[in-house]
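Inspection log for the structure reproduced underneath, given as structure tokens.
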Amino acid sequence: MAIETAETLLTTQEAAEKLGVGDRRIRSLVSQHLLNAVKEGDRLYITNESVRRLNHVDRKRGRTFSPRIAFASLYMISGESVNWLSASEKYQLKKRLTTLNATDLVSLCRNRARLCSMWCRESRLEKVTQEIRLSAGTGELAAEFNLTETSDVEGYLLESDLQRIVEQAKLRSDFQPANVRLHVSSYIPNGSGNMPIGVCSADLADSLDVRECGAGFDKLTQLLSRFQSDNKGKDSR
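For the sequence shown, full-length UniProt numbering assigns the number 1 to the initial residue and increments by one for each residue that follows.
What follows is the structure in structure tokens.
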């Protein structure tokens, strides 16, 4: 039976049953920071929220964009430069974007990064924010979506930087509640500052929180509508 603490915890067997995998796979997902776990003696318990989140992502099927094309899509509808694409790629992507709705786009862009949720001491949160591209509704970005600003941090970093940041900020995946969400990718466009509004919107649209999810989808719908209106009938070569 699930153990009730500040958050619902599951045994590894219960988590495995919910995800349709074996116990060894659950432990592997924990080691990759894709599931959050709490240790109690020799036993490992998995947070129900992280199981729900992974299950939510895994249920989405179909082909997806590569990270570089996914980011290009979200940058393009934000009115940002996509100078890492060739002229031909830009043309094809613009054509594709004029046919998509927000649900399509979120699904196609879902493999742009993997999400790692961790706990960080409040005094070290600033160190994390300095090392990543902030996204979703972090800090001042919350106002863009009419969300309440919190101290939680969410943003992007390269796969090659994850371990360094985990060690420097002493991030923990076995403490709750998680207040840092890292989108870890093999490719992130060059740049600094907050992620474009399209990326932030897609992150929120993937949230398990109903209000965040709705805010993300609403903003993506607005961005796509404007983009499609601006490019209607145009030859973008």
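Just so it is clear, CB atoms sit at the ideal spot from N, CA and C, and this is done for glycine as well.
Helix, strand or coil at residue i [DSSP, three-state]
| i | result |
| --- | --- |
| V180 | strand |
| I46 | strand |
| M76 | helix |
| T150 | coil |
| G155 | strand |
| C200 | helix |
| R133 | strand |
| L141 | helix |
| K95 | helix |
| A16 | helix |
Cβ pair residue i, residue j closer than 8 Å
| i | j | result |
| --- | --- | --- |
| E131 | G139 | no |
| L147 | E80 | no |
| L9 | V30 | no |
| L204 | F145 | yes |
| A169 | R133 | no |
| N55 | T47 | no |
| S135 | V82 | no |
Spatial distance of residue i from residue j (CA atoms)
| i | j | result |
| --- | --- | --- |
| G20 | T12 | 12 Å |
| S78 | I165 | 28 Å |
| S201 | V128 | 21 Å |
| K232 | R112 | 27 Å |
| Y75 | R43 | 44 Å |
| M195 | S107 | 19 Å |
| L182 | L115 | 6 Å |
| I197 | F227 | 13 Å |
| E89 | S225 | 21 Å |
| G137 | V184 | 17 Å |
| E159 | Q32 | 11 Å |
| S229 | D161 | 39 Å |
Assumed close pair residue i, residue j - CB separation to whole angstroms, cut-off 8 Å
| i | j | result |
| --- | --- | --- |
| L93 | I69 | 7 Å |
| P67 | Y187 | 4 Å |
| N179 | V153 | 7 Å |
| L220 | A102 | 4 Å |
| R52 | L223 | The pair is not a contact, with the Cβ atoms about 27 Å apart (cut-off 8 Å). |
- request: Specify whether the segment 161-181 and the segment 116-125 touch according to this definition: at least 3 beta carbon pairs, one from each stretch, less than 8 Å apart.
  value: yes
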